[in-house]
Amino acid sequence: MSENLVNLNVNPCKMCMPMGAATALYGIRGCMSILHGSQGCATYIRRHMATHFNEPIDIASSSLTEQGTVFGGEANLLKGISNLIKLYRPEVIGVCTTCLAETIGEDVGAIIGKFHEQNPGLDVKIIRVASPGYGGTQNEGFFAALRAVAGQVEPDREPNGKINIVTPMVSPADMRWLKAFLGGMGLDAIFLPDLSDNLDGVTEKTYQRLKTGGTSLGEISKMAGAKLTVEFSEHAKPDESPAVFLHETYGVPFVRLPLPMGVRGMDSFVEVLRRHGGTVSHDLIKERGRYLDAMVDGHKYCAKARAAVFGDPDFVTAAVRLCCENGIVPVIAATGSVCPTLKAAVREEMDACAEISFVENTRILEDCDFDAIEKYCAELGVNLLIGSSDSRRISRKLGIPLIRCAFPIHDHVGGQRVRTLGFEGSLNILDQAANAMLDRTEARFRGDLYDRFYKGDAAFGEEGIG
Amino acid sequence: MNDREKLLEKYAAKVYKNRKDHILQLAEGDEDPSIAANTRTIPGVMTARGCCYAGCKGVVVGPLKDVCVITHGPVGCGFYSWGTRRNKARPDEHAEKNFLPYCFSTDMQESDIVFGGEKKLEKAIEEAMQLFSPACIMICSTCPIGLIGDDVQAVAQRTEEKYGIKAIGYSCEGYKGVSQSAGHHIANNGLMRYVIGTGDKAPAKTFSVNILGEYNIGGDGWEEERILKRCGIEVVTMFTGDASYAALKSAHLAQLNLVMCHRSINYIAEMMKTKYGTDWLKVNFVGVGATCQSLREIAAYFNDAALSARVEEVIADELSAICGDMEYYKSRLAGKTAGIFSGGSRSHHYQTLLRDLGMNTVIAGYEFAHRDDYEGRGVIPQIKEDADSKNIETITVERDLEQYRAFYSEDELAALCAEIEIDTYAGMICDMDAGDVIVDDYNALETDELIRTVKPDIFFSGIKDKFSVQKAGVSSRQIHSYDYSGPYSGFRGAVNFGRDVTMSLFCNAWSYVTPPWKHEPTLVGSYGGR
Chain S
1 MSENLVNLNV NPCKMCMPMG AATALYGIRG CMSILHGSQG CATYIRRHMA THFNEPIDIA
61 SSSLTEQGTV FGGEANLLKG ISNLIKLYRP EVIGVCTTCL AETIGEDVGA IIGKFHEQNP
121 GLDVKIIRVA SPGYGGTQNE GFFAALRAVA GQVEPDREPN GKINIVTPMV SPADMRWLKA
181 FLGGMGLDAI FLPDLSDNLD GVTEKTYQRL KTGGTSLGEI SKMAGAKLTV EFSEHAKPDE
241 SPAVFLHETY GVPFVRLPLP MGVRGMDSFV EVLRRHGGTV SHDLIKERGR YLDAMVDGHK
301 YCAKARAAVF GDPDFVTAAV RLCCENGIVP VIAATGSVCP TLKAAVREEM DACAEISFVE
361 NTRILEDCDF DAIEKYCAEL GVNLLIGSSD SRRISRKLGI PLIRCAFPIH DHVGGQRVRT
421 LGFEGSLNIL DQAANAMLDR TEARFRGDLY DRFYKGDAAF GEEGIG
Chain Y
467 MNDREKLLEK YAAKVYKNRK DHILQLAEGD EDPSIAANTR TIPGVMTARG CCYAGCKGVV
527 VGPLKDVCVI THGPVGCGFY SWGTRRNKAR PDEHAEKNFL PYCFSTDMQE SDIVFGGEKK
587 LEKAIEEAMQ LFSPACIMIC STCPIGLIGD DVQAVAQRTE EKYGIKAIGY SCEGYKGVSQ
647 SAGHHIANNG LMRYVIGTGD KAPAKTFSVN ILGEYNIGGD GWEEERILKR CGIEVVTMFT
707 GDASYAALKS AHLAQLNLVM CHRSINYIAE MMKTKYGTDW LKVNFVGVGA TCQSLREIAA
767 YFNDAALSAR VEEVIADELS AICGDMEYYK SRLAGKTAGI FSGGSRSHHY QTLLRDLGMN
827 TVIAGYEFAH RDDYEGRGVI PQIKEDADSK NIETITVERD LEQYRAFYSE DELAALCAEI
887 EIDTYAGMIC DMDAGDVIVD DYNALETDEL IRTVKPDIFF SGIKDKFSVQ KAGVSSRQIH
947 SYDYSGPYSG FRGAVNFGRD VTMSLFCNAW SYVTPPWKHE PTLVGSYGGR
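The structure is reproduced here in structure tokens:
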């Protein structure tokens, strides 16, 4: 039997592909994206990204109207690209499709070819991304854009000794940490993408629409000559994976790792980097020690937690492992993506963790909505939510605390600063989990204890001791 | 070069040719200034506009709390319109159902696009009936639906037959029309055709109104209802803030329609006038002076001495309660300038509230307005219908012989029109001054330029502009969602607004933008031995 209603999605735990594609393109230097479709797609996505990142978000639209849907959208897209160049002067343009463009069968490659024909000598790289809204979630859209970028730049195969780092959507603050971490290990890395500056900007004297952060196409072309690709995804399918592409096309060796969360996530990452010339500093060893110390400090409180973890598959996998490492029982692991590999990645670990704490039932849900998550939260006695702010309604309804640490965060500020990676990021989640349990105990200890052990006990008579 | 010319200067010939008619700078002695509006957006300019689906589902039918609104299409559109507008509602007493916290989507996949999604939609409705058993289901279509030929109206009809509930299908695919405006129109048509006039719950009070185009953002509608109730006027329903299908059914039994957002709801106002004889009055409850004026006009419409006296009592009482606060905020804000880009009348409405606070609006405009929102309804006969507007159905209604009841005879109405403007709207421009800049369908580039050249002290628009405006060193407030604040309408709302604007403009953070070392001279020396 399905975990969800089959036909009606009630409170979706996912967004659409163009959202992910547009986000990924924000990590490319000098890039602006244009969605080929009706203008609502761009507007909705700008609005949602702006709310999460608290940053201006600029995504253009080819503004297709009824005429464009009937006679084809070529004229609109050509005009759109041309105006985008004239008005904002991007170095790179990402053209992402939408439900509309894909349904009417637009040949975006041919339209871009025509644009170049009509505008010879223009120094703009135009990258096409197939991202129909019905083709997957924002996670698949994110990887589709990365894969498109990796596949459409001119490769520079000259060996350069660099390490490619491919990430799913992580916060700009996590990205900054990742960059500093690689630097701290003495390694030269290329990041695909690099959202650190463009989606977490500063106050400047003059505001610039075209963002100056991100990884340049020049750097990205060097990915073909890197000595290794580290891709933080266990779930991206081979045909979506930039690492697999770089390996198959240019022979760049790759490892696919879980996101560096928790002890094992960090250890396996550090180990890979160490084997490829990275130095493990005293500071890093100390940080690991401090993290373990904090784990031991917090485990007695964390052990009371029965968590529902939800979001993109790679986040869920990493966060579930983080929970298990410190006795938080992840009773629900859920993703809105279609992800048959999720079960294999977390099942065993979840069962083992549950067994220790006498938890009988756990659920792994793929392609699910928040209605299903809510149902199982109530059924399985979940007392901690870990994921996006879309679960705030469950949080309020069932009185369960929520750790906001995944996209999108729409009811709090600071989405761009959320830390989940590395020892510090992991501890951010663990501390919040422990404190949520402590708050609960603080507020309800007497009631819970009394009701459980003494209420109605014969020794105290009908009235109890109160 | 004036501000308008500076704005247009950046554009190459083709874009210039299009945009020049959408940008206006009022000049002294300028008779009948005219602006182009409701035409296609130029691709690639980074417009602020949304789509037809957003206007229908997001704005008009989304706030109906007892309606299960199912987005038929891939998942994104449903998600993006899930709880994103701050149309507040409380569940009706005795009715447990409130669907506002929910998003319902058919979440179509590639195979549904290829083989059609009608069956999936019908099954989704079956599931919705099992789970929630709503009295009304509305189906809102996203882009692919019209293209693959799913017939949502037929599905709605079959739903009605099968479950005995009300079901309405909207063909509000995103690509229709040129902006959200098309979706407003489509939603208006559906409500008029299938909902209004089907109920029989008569108002209890002597005087009764509907508030049209009030979506209860941040509780605005509640403040308006509070004031009207104090005056002894019953609000039958709002369209559609804190409203329900159940209440909309009897909207035709109200005596007068008050129109707040002209653009999104004027179709219903006009059609109700024709079909039921209900007059409409363009009101503005944003601003203290405007609220007083609107209340007096409502009293004038009903032409009842006791009501007029009561309205004056309420006004006096409300004013005395807020005048201290308003004076204080005015003392902080007087002389400051503002830019506003809001919904379909609100860029006009907020100017009156800003005026109450001694502020001047120097930039104003709309995303999706039509010429009549700028120039007044008098311009309607001059508007040429283009292909995009022709694609949006205009329904013709006729007098409902059983339910038609005009409050006044035509002669009486004509006499009253000498006193107050009934069944019409004069537009925004007539309340603006020489030098002010008006921009239709504004975009990111123009926003940046306006901030640079006109330099308003504060900019009121949406979240897509908020962060770039703030990064340019100018205060900003979200006037679509109020940055989680509100209400801003009526008397109490005016105080909230004054407080919020003062807080934004005088926040200490602005004083630290320039670091101290930027003030220090680059050379330090002594002069003349001192």
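Going line by line, the protein sequences match chains S and Y. Mapping the first sequence onto our numbering, position 47 (from 1) lands on 47, and the numbers just tick up by one. Mapping the second sequence onto our numbering, position 36 (from 1) lands on 502, and the numbers just tick up by one. Glycine included, C-beta positions come from ideal geometry on N, C-alpha and C.
Would residue i count as contacting chain Y if we go by Cβ distances under 8 Å?
{"i": "residue 96 of chain S", "result": "no"}
{"i": "residue 79 of chain S", "result": "yes"}
{"i": "residue 104 of chain S", "result": "yes"}
{"i": "residue 393 of chain S", "result": "yes"}
{"i": "residue 145 of chain S", "result": "no"}
{"i": "residue 274 of chain S", "result": "no"}
{"i": "residue 195 of chain S", "result": "no"}
{"i": "residue 23 of chain S", "result": "no"}
{"i": "residue 467 of chain S", "result": "The structure shown does not extend to residue 467 of chain S, since chain S is modelled only from 1 through 466, so no value can be given for it."}
{"i": "residue 15 of chain S", "result": "yes"}
{"i": "residue 86 of chain S", "result": "yes"}
{"i": "residue 38 of chain S", "result": "yes"}
{"i": "residue 127 of chain S", "result": "no"}
{"i": "residue 207 of chain S", "result": "yes"}
{"i": "residue 149 of chain S", "result": "no"}
{"i": "residue 418 of chain S", "result": "no"}
Counting only beta-carbon separations shorter than 8 Å, does residue i have a partner in chain S?
{"i": "residue 857 of chain Y", "result": "yes"}
{"i": "residue 847 of chain Y", "result": "no"}
{"i": "residue 483 of chain Y", "result": "no"}
{"i": "residue 906 of chain Y", "result": "no"}
{"i": "residue 949 of chain Y", "result": "no"}
{"i": "residue 916 of chain Y", "result": "no"}
{"i": "residue 968 of chain Y", "result": "no"}
{"i": "residue 609 of chain Y", "result": "yes"}
{"i": "residue 638 of chain Y", "result": "no"}
{"i": "residue 933 of chain Y", "result": "yes"}
{"i": "residue 807 of chain Y", "result": "no"}
{"i": "residue 567 of chain Y", "result": "yes"}
Considering only DSSP beta bridges, list what residue i is partnered with.
{"i": "residue 906 of chain Y", "result": "Y:832"}
{"i": "residue 538 of chain Y", "result": "Y:607"}
{"i": "residue 746 of chain Y", "result": "Y:723"}
{"i": "residue 700 of chain Y", "result": "Y:674"}
{"i": "residue 9 of chain S", "result": "Y:571"}
{"i": "residue 808 of chain Y", "result": "Y:832"}
{"i": "residue 632 of chain Y", "result": "Y:602"}
{"i": "residue 924 of chain Y", "result": "Y:804, Y:941"}
{"i": "residue 32 of chain S", "result": "S:93"}
Does the beta-carbon of residue i have 16 or more other beta-carbons within 10 angstroms, so that it is buried, or is it exposed?
{"i": "residue 402 of chain S", "result": "buried"}
{"i": "residue 360 of chain S", "result": "exposed"}
{"i": "residue 817 of chain Y", "result": "buried"}
{"i": "residue 205 of chain S", "result": "exposed"}
{"i": "residue 169 of chain S", "result": "buried"}
{"i": "residue 973 of chain Y", "result": "exposed"}
{"i": "residue 654 of chain Y", "result": "buried"}
{"i": "residue 436 of chain S", "result": "buried"}
Residues within the stretch 53-67 of chain S neighbouring chain Y, beta-carbon criterion of under 9 Å = 53, 54, 55, 56, 57, 58, 59, 60, 61, 62, 63, 64, 65, 66, 67
task = Closer than 8 Å, Cβ to Cβ, to anything on chain S: give me those residues from the stretch 499-519 of chain Y, in chain order.
result = 506, 507, 508, 509, 510, 511, 512, 513, 514, 515, 516, 517, 518, 519
task = With 7 Å as the C-beta to C-beta threshold (strictly closer), list the residues of the stretch 590-604 of chain Y near chain S in chain order.
result = 590, 593, 594
query = Between the stretch 209-242 of chain S and chain Y, which residues of the former have a C-beta closer than 8 Å to a C-beta of the latter?
reply = 209
ask   = Between the stretch 517-531 of chain Y and the stretch 918-928 of chain Y, do three or more beta carbon pairs fall short of 8 Å?
value = no
ask   = Do three or more CB pairs link the stretch 488-503 of chain Y to the stretch 903-911 of chain Y at distances below 8 Å?
value = yes
inquiry  = Against chain S, which members of the stretch 973-986 of chain Y pass a CB distance test of less than 8 Å?
reply    = 979
request  = Inspect the CB distances between the stretch 98-115 of chain S and the stretch 137-145 of chain S and report whether three or more fall short of 8 Å.
outcome  = no
request  = Determine which residues of the stretch 551-582 of chain Y have a Cβ less than 8 Å from any Cβ of chain S, and write them out in chain order.
outcome  = 567, 568, 569, 570, 571, 572, 573, 574, 575, 576, 578, 579
message = Short of 9 Å Cβ to Cβ, which residues in the stretch 440-460 of chain S face chain Y?
response = none
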